[in-house]
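Peer 1:
In my numbering, the protein residues as written are 17 to 208.
1. Flag this pair as yes or no: are the beta carbons of residue 144 and residue 187 separated by less than 9 Å?
2. Report, in whole angstroms, the separation of the C-beta atoms of residue 115 and residue 44, which I expect to be a contact under 8 Å.
3. Once you ignore the five residues that flank residue 70 on each side, which residues in its own chain have a CB closer than 6 Å to its CB?
4. What residues in its chain sit with their C-beta under 6 Å from that of residue 152, if we drop five residues either side in the sequence?
5. How about residue 174 and residue 149: are their beta carbons less than 9 Å apart?
6. Any chance you could list the alpha helix (DSSP H) runs of at least 4 consecutive residues sitting entirely within the region 70-144, in chain order?
7. Could you give the distance in angstroms between the alpha-carbon of residue 161 and the alpha-carbon of residue 147?
8. Based on Cα-Cα distance, which residue from 54, 201, 67 and 68 lies nearest to residue 75?
9. Going by C-alpha distance, which of 194, 191 and 128 is nearest residue 181?
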């Protein structure tokens with residue numbers, strides 16, 4: 017690390033970037049079980065913000081694991097490293113004045129605290145998509161729960177790997193019997 021020379025003091029200031037964009041950089045972190053609706057709601061919120069002229073970036077478990085995290089598995093250790101990398105990337109976009117929407121199971125308090133610590137507590141909004149395991153299994157668009165129940169997928173959150181319900185999310189959103197639009201409106205009213 018002796019050959020690394022940070023240039024942070026020569027970069028354009030975050031406040032100047034935010035002023036140029038007309039928005040405050042922040043990270044909206046969606047957590048919940050697979051199939052809870054995290055990505056669907058994050059996508060819809062990003063579309064709403066984009067249509068209003070906001071500069072956004074959506075980071076999702078599926079798109080990130082095909083690139084920057086394609087060498088990681090699903091053990092708790094690998095999940096922690098996955099979230100560490102994502103949080104560092106999200107922080108870069110946030111410091112550039114963008115609104116970053118992150119959609120990740122992030123199954124433990126420890127893992128979510130790591131992300132919050134990297135990003136900065138004042139810029140981190142945690143949204144818990146509180147959907148029951150039974151409902152997530154009914155939705156199971158990708159067939160992952162079925163495979164996990166058959167033992168074909170190991171260390172699946174909520175089945176044979178833990179999912180710790182967030183203790184104090186900024187928003188707890190129960191999605192059962194709610195439309196995507198009403199979920200997005202609730203988040204939008206609270207955060208923007």
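Positions of the beta carbon are idealized from the N, C-alpha and C atoms, including for glycine.
Peer 2: The answer reads as follows:
1. Working through the chain shown from its first residue, we reach residue 144 at position 128. Working through the chain shown from its first residue, we reach residue 187 at position 171. Yes. Within cutoff.
2. Taking the chain shown and counting its residues from 1, one reaches residue 115 at position 99. Taking the chain shown and counting its residues from 1, one reaches residue 44 at position 28. Yes, residue 115 and residue 44 are in contact; Cβ-Cβ is about 7 Å, under 8 Å.
3. As a first step, residue 70 must be located in the chain shown, where it is residue number 54. Result list for residue 70: 39 and 115, in chain order.
4. Here residue 152 refers to the residue found at position 136 of the chain shown. If we look at residue 152 and ignore the five residues flanking it on each side, its Cβ neighbours are 49, 51 and 52.
5. Along the chain shown, read from residue 1 onward, the residue named residue 174 stands at position 158. Along the chain shown, read from residue 1 onward, the residue named residue 149 stands at position 133. Yes, Cβ-Cβ distance for residue 174 and residue 149 is below 9 Å.
6. 77-80, 92-111 and 125-135
7. Against the chain shown, residue 161 aligns to sequence position 145. Against the chain shown, residue 147 aligns to sequence position 131. Near 14 Å, if we compare the C-alpha coordinates of residue 147 and residue 161.
8. As a working mapping, residue 75 is identified with position 59 in the chain shown. Residue 54 is the option with its Cα nearest to residue 75.
9. For the purposes of this step, residue 181 is taken as residue 165 along the chain shown, with counting starting at 1. Ranking 194, 191 and 128 by Cα distance to residue 181 puts 128 first.
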